[in-house]
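Novice: Before I ask anything, here is the structure I am working with.
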Amino acid sequence: MSYLTGGKFFVFCMLLEAAFIVIFARLADYGDSARPIQPKVSKVGHVYPSFQDVHVMIFIGFGFLMTFLKRYGYTAVGVNMLIGSFVIQWALIVRGLIRNKVLEGAKFHINVEEMLAADFASGTCLISFGAVLGKTSPLQLLIMALIEVALAQTNKHICEEILHAADAGESMYIHAFGAYFGLAAARVLYRKDAKECEKNGPVYNSDLFSMIGTIFLWMYWPSFNSGSFEGDEQHRAIINTYLSLTACTVVTFAFSGLLHKGKFEMVHVQNATLAGGVAVGTTAHMVLHPWGALLMGLAAGMLSTLGFHFIQPFLLKYLRIHDTCGVNNLHGMPGILAGVAGSIVAALASADVWGNSRFDVFPQMVPPANTTELESLNSNSVTNYTAGLGRSAGEQGAYQIAALGVTLAMAIGSGIFTGLVLKIPIFNEPQEHELFDDHHWWNVPSGIPGDKGETVVDSGEMKIFKKTEESNVF
Amino acid sequence: MSYLTGGKFFVFCMLLEAAFIVIFARLADYGDSARPIQPKVSKVGHVYPSFQDVHVMIFIGFGFLMTFLKRYGYTAVGVNMLIGSFVIQWALIVRGLIRNKVLEGAKFHINVEEMLAADFASGTCLISFGAVLGKTSPLQLLIMALIEVALAQTNKHICEEILHAADAGESMYIHAFGAYFGLAAARVLYRKDAKECEKNGPVYNSDLFSMIGTIFLWMYWPSFNSGSFEGDEQHRAIINTYLSLTACTVVTFAFSGLLHKGKFEMVHVQNATLAGGVAVGTTAHMVLHPWGALLMGLAAGMLSTLGFHFIQPFLLKYLRIHDTCGVNNLHGMPGILAGVAGSIVAALASADVWGNSRFDVFPQMVPPANTTELESLNSNSVTNYTAGLGRSAGEQGAYQIAALGVTLAMAIGSGIFTGLVLKIPIFNEPQEHELFDDHHWWNVPSGIPGDKGETVVDSGEMKIFKKTEESNVF
Amino acid sequence: MSYLTGGKFFVFCMLLEAAFIVIFARLADYGDSARPIQPKVSKVGHVYPSFQDVHVMIFIGFGFLMTFLKRYGYTAVGVNMLIGSFVIQWALIVRGLIRNKVLEGAKFHINVEEMLAADFASGTCLISFGAVLGKTSPLQLLIMALIEVALAQTNKHICEEILHAADAGESMYIHAFGAYFGLAAARVLYRKDAKECEKNGPVYNSDLFSMIGTIFLWMYWPSFNSGSFEGDEQHRAIINTYLSLTACTVVTFAFSGLLHKGKFEMVHVQNATLAGGVAVGTTAHMVLHPWGALLMGLAAGMLSTLGFHFIQPFLLKYLRIHDTCGVNNLHGMPGILAGVAGSIVAALASADVWGNSRFDVFPQMVPPANTTELESLNSNSVTNYTAGLGRSAGEQGAYQIAALGVTLAMAIGSGIFTGLVLKIPIFNEPQEHELFDDHHWWNVPSGIPGDKGETVVDSGEMKIFKKTEESNVF
């Protein structure tokens, strides 16, 4: 490191922070229920607890999950916090620009719902962080986040406002997008020395720190998938996610033991146990039935564990994709599974099985305006449905698959582009000795695992030479 | 380990998971407020935050509390997660079968309240896990959980539906049952080599990991004891548990320092500080008054700390009960204290002190149907009480003690039975070198505490020999 | 340590615990909504989740934040738990005595709101703990807490009930008071050996444990600053704190890297990232606007990071203030910044900008009783304002500064007094070899970081000598 590196990073951060403040001053304001209003009503209550659960997932969950590397824990948990804080502000701006007519003088509004969306947005970038963990400089990571947020939010907007696809826990827009964006960037950044670096592995305590992240992600995932709903949809999303994760965990242990002569693999437990939360993400609020949720978890645990064992080495060897955290197994493939499941469930959302609840989950299945169907629907129901596009179940299923396709295409395309940008020398791509090692990015105290041993061995040898030479004096 | 072990474990897990899914498909459905309903009402809000607190206690609390062993942290936190996930599904089924007329075609319903109950059920098994920690194989633990859940839920059903005993935080049904079930099993599984194994102890960092579990259990215990209540009963349960834990913690430090020449024992701080939550569990929702809650915490801290110092060694030496985590001190004796306190408080629940609130806490003290007492009661009160058995305070106290007795008898009996089952060779009871050691159940990376030193010394010696031999050439 | 030390500590704790119980029995009762009432209403819901977030900040947040010292983790997290539990009980009593006419027979009431206030009170003492960490005995710390709570609550009462100053997250009453009380005590307790002790530093894993505390503090800070509000004020406090922390984190990384040739300092990330929560504490519920919150975070991150780099060494060298955790940088200076900001915002709270909302935030700006202004105000507003003092914005601003001045004066004065009390030999001030070392306060197992290495080196050398001597036989 050098003063130049520090200065460059400083200027980049301070300029952007200043820009953020100016943009907020010009374009942002409090949401209605955060403005001085009379009489007082607390709108916070409902969403805030779910938001705090998700907040823990982003900063403790992702942060500690990535501390599994023996010499990279400071960067994992520290830079995770930096990226999260950076993205939250940037995502509020990007969402504000996309979703409001700011050119016509409209302001965008900050409330707890937007805070939840901003935390989700940082989740996307932190998933991509997992794919390039240990092989990127902090500056590269901020550049990556800057680009990714803009494109991920654009993709989400297209899928939601144009394709009108449903994705309760955003398994497509967050997990699949973040994973394949990161993997595409990792492919462009591929380097032989990273693949062979012996620092790219855990020690006993680093694996235990990582489990802190895993378990908080695991426990609060029902809040992640249900946070943007209320009533029976929220309740179903909680139940489905909870059940899916329990089945996923049992199946992960079963396969992990099977694949290693009865010994469990910590990397499976740290990651594959969570795949059930991703896989059920798109359909969490739908009427999956409890057994459907368990089945989804079973499939996800199997897919993810086998992914770690067979697919990840394949990707590295033949496609030169070095996936540090195995995001393809935890977020990528389970995200695709979620999208496909969403399409199938949508295609089966017939009137006789779902009744009117299909209109809650898929508003575009509501009959179009000024039709007798809409009139009869609203006259026979306590709730007054706003006109939709009158999509059939099959059509909705097709749009769900389209959303998955668009997401994958945008993720891979923008990931490749971002990878190329990150290779520009000015962004300080790590040199070989800087890979997977906090020493080059942090002032690290003594006592880093491994060092003590080595030191001792060295000092030992040194002493040995000294002694033995002395012993040869006579 | 071998492919056979892994295969056996795999088949067991997958068969049960498949069975769970089939049973859920046949018998389970969403609870009412999780079904598609119009108009939308959010029933989740009230219970869900409490559920999430308990969820953290089960998976972070119990999981990390047990990581205190120097070479057994992966199993503590990992297998804790496996058992919890397994039990949640199994407990939902067992509760569904016990509480619903499924033979007559009724389905059992999954909602947040049931999720809370399922987490409670896994708590029972994880307490028993603490008694046999380090001395059982994962397969044995799942068999144990399979049996324990069925019997613990049966016991709870008997005490609640037949004896009509009150147990707010289930200190009898969860803590006392889990502890004495586990201790009985540990007695049957007693082995000399486990007692003398030097791996059965902590290192500095493992004790710090363990404190993560302790503190989350300590903080969220008010939610554990109050989760199934609302209104003033919930509020009292929160206050009583909070106060009891603070007094318990101060007293634990006082006794810990006294017993060791002014030095604190980490094992006391990790465990005895929590005894206040157990001791006040049965009576948490009753009108204990703040000073009563503090007194309960004082007694629990003293009992638990003295238990670690005097009773645990006694049990090991004379009764051959090897209690790895000291569950008798944290869950067992404080659970009995809770049950006795519940009986005393019930016996003192006179009309002039308690007023009508005694009918909320002890519904069977409401006068029987078609009596003038019931009529006059309901005519003089804003709430309409459903007829009870007209029990006197003394009678209710007797039924409370009866519930404690039944619980202890069922726990010890079924624990002995389970211990005998676990000794069947097919379940892979650990061999001597497999005790208290992750190496035999996990692929463990280098850097496990203690190993590094050894390695270094070895390599050192090796070098020394080489060098000195060279030095002898002349 | 000795039996005497343990006995003295035991007697002190048990006497006080007994006194607490007697006082609670005489003077304390449940709050209204925790008493048996008909019909049932749940008053807990609103505050309890915020309370639990704050509870986590106090016991996990402060506890683990202080585990950064290489050989002092047990004391950091364990004694943090002891002090917290002790202070909660004592603070409930002190607040009860100050705020109720107990002499006239009134009882003080325990409810979730009071629990939140008691947790806040322990936060004050734990901040002071950070200033003297490693240099005090457990007994000294309890004496310190005993005095500090009484004076901190008196100060809060003066500022709130006499000066009528607003301090949403109590950045003045908690953070500034706790910091300068602790620093004043640290000045009196200054000793050369503590300044030079090589144990006063982190190792790799202790820094990771510390990050657990940092991140939980960081995530739940919005609940800390908003916990005592509802409606739009709560919502604003959440948004302002959230935004301030994100900006503060980015700026902290920027300055940390700049100051160390592009390498981040873990101590900055552990502490300065939180300064944004302190700095926005006083004004969190005011109409800062989102950009104002970001600006506050930017200033706090800069101030705190520069404080660690330039001011802390200065204080140590020239003022002989040894600030173990750097509380001046995290709590002290940002607390003053918060107070000054509060005064400025109050002075700008003009009618045309704020409208009636200024009366919610500053009730003393409401016109006095029996004035036409008050009548016209209440006749033109949906809410009925109770008469205030009719303060102008400028006057309120002056009272805000006065509150800051009173707080600093009381904190420093009582801190010096407390430091002198702690020097009384009976309270076991640590001897030189007991500084920053758990060994002298706990039964510590093997494997403490650093020890292992040393052992190995020794054994290595030993072997070397043996071998080489043998090699000299010929």
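In order, the protein sequence lines correspond to chains R, Y and P. With the UniProt record's numbering as the guide, the letters of the first sequence map in order to residues 1 to 474. With the UniProt record's numbering as the guide, the letters of the second sequence map in order to residues 1 to 474. With the UniProt record's numbering as the guide, the letters of the third sequence map in order to residues 1 to 474. Idealized CB from N, CA, C, for every residue including glycine.
#1: Less than 8 Å between the beta carbons of His260(Y) and Asn443(P), yes or no?
#2: Can you list, in chain order, the residues of its chain whose CB lies under 7 Å from that of Met302(P), leaving out five sequence neighbours each side?
#3: Just confirm the distance between the C-beta atoms of Gly297(R) and Val280(R), as a whole number of angstroms; I'd bet it's less than 8 Å.
#4: Name the DSSP beta bridge partners of residue 481(Y), please?
#5: Give a yes or no on whether the C-beta atoms belonging to Thr5(R) and Gly262(P) are separated by under 8 Å.
#6: Run the CB neighbour count on Glu265(Y), radius 10 Å, all protein chains shown included, and call it buried at 16 or more, exposed below.
#7: How would you list, in chain order, the residues of chain P whose beta-carbon sits under 8 Å from the beta-carbon of Ile212(R)?
#8: With distances taken Cα to Cα, identify the nearest neighbour of Ala341(R) among Met333(R), His55(R), Thr282(R).
#9: For Trp354(P), does the three-state DSSP call read helix, strand or coil?
#10: What separation, rounded to the nearest whole angstrom, lies between the Cα atoms of Thr67(P) and Thr154(Y)?
#11: Within 10 Å of its beta-carbon, does Gly31(Y) have 16 or more other beta-carbons around it, so buried, or fewer, so exposed?
#12: Would you verify that the beta carbon of Thr249(R) is, or is not, closer than 8 Å to some beta carbon of chain Y?
#13: At a Cβ threshold of 8 Å, is Met296(R) touching chain P?
#14: I'd like the span of the alpha helix (DSSP H) that includes Phe216(P), first residue to last.
#15: Where does Trp442(R) sit, in a helix, a strand or coil, going by DSSP?
#16: Of all the options Cys13(Y), Gly105(Y), Phe417(Y), Gln270(Y), which has the alpha carbon lying nearest to the alpha carbon of Asp29(Y)?
#17: Can you give the Cα-Cα distance for Lys101(Y) and Glu161(Y), rounded to whole angstroms?
#18: Taking Cβ-Cβ distances shorter than 7 Å, what residues in chain R pair up with Ala254(P)?
#19: Rounded to whole angstroms, what is the Cα-Cα separation between Phe209(R) and Ile127(R)?
#20: Could you check if Val11(P) is buried or exposed, using at least 16 other CB atoms within 10 Å of its CB as the buried criterion?
#21: Assess contact between the region 74-85 of chain Y and the region 194-201 of chain R, defined as three or more Cβ pairs (one per stretch) separated by less than 8 Å. Is contact present?
#22: What does the alpha-carbon distance come out to for the pair Gln396(P) and Leu348(P)?
#23: Would a C-beta distance cut-off of 8 Å place Phe359(R) and Val366(R) closer than the cut-off?
#24: Three-state secondary structure (DSSP) at Phe264(P)?
#25: Compute the Euclidean distance between the alpha carbons of Val112(R) and Gly227(R), then round it to the nearest angstrom.
#26: Closer than 8 Å, CB to CB, is Ile147(Y) near chain R or not?
#27: Which residue spans inside the region 260-319 of chain Y form an unbroken alpha helix (DSSP H) run of at least 4?
#28: So what's Ile321(P) in DSSP terms, helix, strand or just coil?
#29: Any C-beta of chain R sitting closer than 8 Å to the C-beta of Val287(P)?
#30: From the DSSP output, in three-state form, read off Phe362(P) for me.
#31: Along chain P, which residues have their Cβ under 9 Å away from the Cβ of Trp291(Y)?
#32: Taking a cut of 7 Å between CB atoms, which residues from the region 75-92 of chain P lie near chain Y?
#33: Going by beta carbon distance, what residues of the same chain come within less than 7 Å of Ala186(R), once the five residues before and after it are set aside?
#34: Can you pull the chain R residues whose beta carbon is under 7 Å from the beta carbon of Ile412(Y), in chain order?
#35: Just tell me which of Ala272(R), Pro363(R), Val406(R), Thr136(R) has its CA closest to the CA of Pro425(R).
#36: Between Val269(Y) and chain P, is any beta-carbon pair separated by less than 8 Å?
Specialist: Inspection of the coordinates gives the following:
#1: As a first step, residue 260(Y) must be located in the second sequence, where it is residue number 260. As a first step, residue 443(P) must be located in the third sequence, where it is residue number 443. Cβ atoms of His260(Y) and Asn443(P): closer than 8 Å.
#2: Counted from its first residue, the third sequence places residue 302(P) at position 302. Val251, Phe255.
#3: In the first sequence, residue 297(R) corresponds to position 297, counting from 1. In the first sequence, residue 280(R) corresponds to position 280, counting from 1. Contact holds; Cβ gap of about 7 Å.
#4: Lying before the first or after the last residue shown, residue 481(Y) is absent from chain Y, which here runs from 1 to 474.
#5: By 1-based counting over the first sequence, the position of residue 5(R) is 5. By 1-based counting over the third sequence, the position of residue 262(P) is 262. Cβ atoms of Thr5(R) and Gly262(P): closer than 8 Å.
#6: For the purposes of this step, residue 265(Y) is taken as residue 265 along the second sequence, with counting starting at 1. Label assigned to Glu265(Y): buried.
#7: Stepping through the first sequence from its first residue, residue 212(R) is reached at position 212. Those are Ile212, listed as they occur along chain P.
#8: Within the first sequence, the letter at position 341 stands for residue 341(R). Closest by alpha carbon: Thr282(R).
#9: Within the third sequence, residue 354(P) is the residue found at index 354, counting from 1. If DSSP states are grouped into helix, strand and coil, Trp354(P) belongs with the helices.
#10: Within the third sequence, numbered from 1, the residue matching residue 67(P) stands at position 67. Within the second sequence, numbered from 1, the residue matching residue 154(Y) stands at position 154. Distance between the alpha carbons of Thr67(P) and Thr154(Y): 44 Å.
#11: On the second sequence, position 31 is the one that residue 31(Y) refers to. It is buried - the Cβ of Gly31(Y) has at least 16 other Cβ atoms within 10 Å.
#12: Here the question's residue 249(R) lines up with position 249 in the first sequence. In terms of beta-carbon proximity, Thr249(R) lines the interface with chain Y, with at least one pair separated by less than 8 Å.
#13: Numbered from its first residue, the first sequence carries residue 296(R) at position 296. Met296(R) does not count as touching chain P.
#14: The sequence position of residue 216(P) within the third sequence is 216, counting from 1. First-last of the alpha helix (DSSP H) with Phe216(P): 204-226.
#15: Numbered from its first residue, the first sequence carries residue 442(R) at position 442. Strand, per DSSP.
#16: Translated into the one-based positions of the second sequence, residue 29(Y) becomes position 29. Measuring from the Cα of Asp29(Y), the nearest candidate turns out to be Gly105(Y).
#17: As a working note, residue 101(Y) is residue 101 in the second sequence. As a working note, residue 161(Y) is residue 161 in the second sequence. Their Cα atoms are separated by approximately 15 Å.
#18: Residue mapping note: residue 254(P) aligns to position 254 of the third sequence, counting from 1. Correct list: Phe9, Phe10, Cys13, Met14.
#19: Taking the first residue of the first sequence as 1, we reach residue 209(R) at position 209. Taking the first residue of the first sequence as 1, we reach residue 127(R) at position 127. About 18 Å.
#20: Counted from its first residue, the third sequence places residue 11(P) at position 11. By the neighbour-count rule (16 or more Cβ atoms within 10 Å), Val11(P) is not buried but exposed.
#21: no
#22: What you label residue 396(P) is simply residue 396 of the third sequence in a count that begins at 1. What you label residue 348(P) is simply residue 348 of the third sequence in a count that begins at 1. About 10 Å.
#23: The residue you call residue 359(R) lines up with position 359 of the first sequence. The residue you call residue 366(R) lines up with position 366 of the first sequence. Result yes, Cβ atoms of Phe359(R) and Val366(R) sit closer than 8 Å.
#24: Here residue 264(P) corresponds to residue number 264 of the third sequence, with the count starting at 1. Residue state, collapsed to three classes: strand.
#25: For this step, residue 112(R) is matched to residue 112 along the first sequence. For this step, residue 227(R) is matched to residue 227 along the first sequence. Computed Cα separation, rounded: 11 Å.
#26: For the purposes of this step, residue 147(Y) is taken as the residue at position 147 of the second sequence. Chain R contact via Cβ: absent.
#27: If we require 4 residues or more, the alpha helix (DSSP H) runs fully inside the region 260-319 of chain Y come out as 266-271, 275-279, 290-306, 312-319.
#28: As a first step, residue 321(P) must be located in the third sequence, where it is residue number 321. It is coil, neither helix nor strand.
#29: Against the third sequence, residue 287(P) aligns to sequence position 287. Val287(P) counts as touching chain R.
#30: For the purposes of this step, residue 362(P) is identified with residue 362 of the third sequence, where counting begins at 1. Reduced to three states, the DSSP call for Phe362(P) is coil.
#31: Here the question's residue 291(Y) lines up with position 291 in the second sequence. Under the 9 Å cutoff, chain P gives Phe20, Ile21, Val22, Ile23, Phe24, Ala25, Arg26, Ala28.
#32: Taking 7 Å as the upper bound on Cβ-Cβ separation, chain Y lies near residues Val77, Gly78, Met81, Leu82, Ser85, Phe86, Ile88, Gln89 of the region 75-92 of chain P.
#33: As a position in the first sequence, residue 186(R) is number 186, starting the count at 1. Correct list, in chain order: Ala131, Val132, Ile321, His322, Asp323.
#34: As a position in the second sequence, residue 412(Y) is number 412, starting the count at 1. Residues of chain R passing the Cβ test: none, with the nearest at roughly 29 Å.
#35: Mapped onto the first sequence, residue 425(R) falls at position 425. When each option's Cα is compared against that of Pro425(R), the closest is Thr136(R).
#36: Your numbering for residue 269(Y) matches position 269 in the second sequence. Answer yes: the Cβ-Cβ gap between Val269(Y) and chain P drops below 8 Å somewhere.
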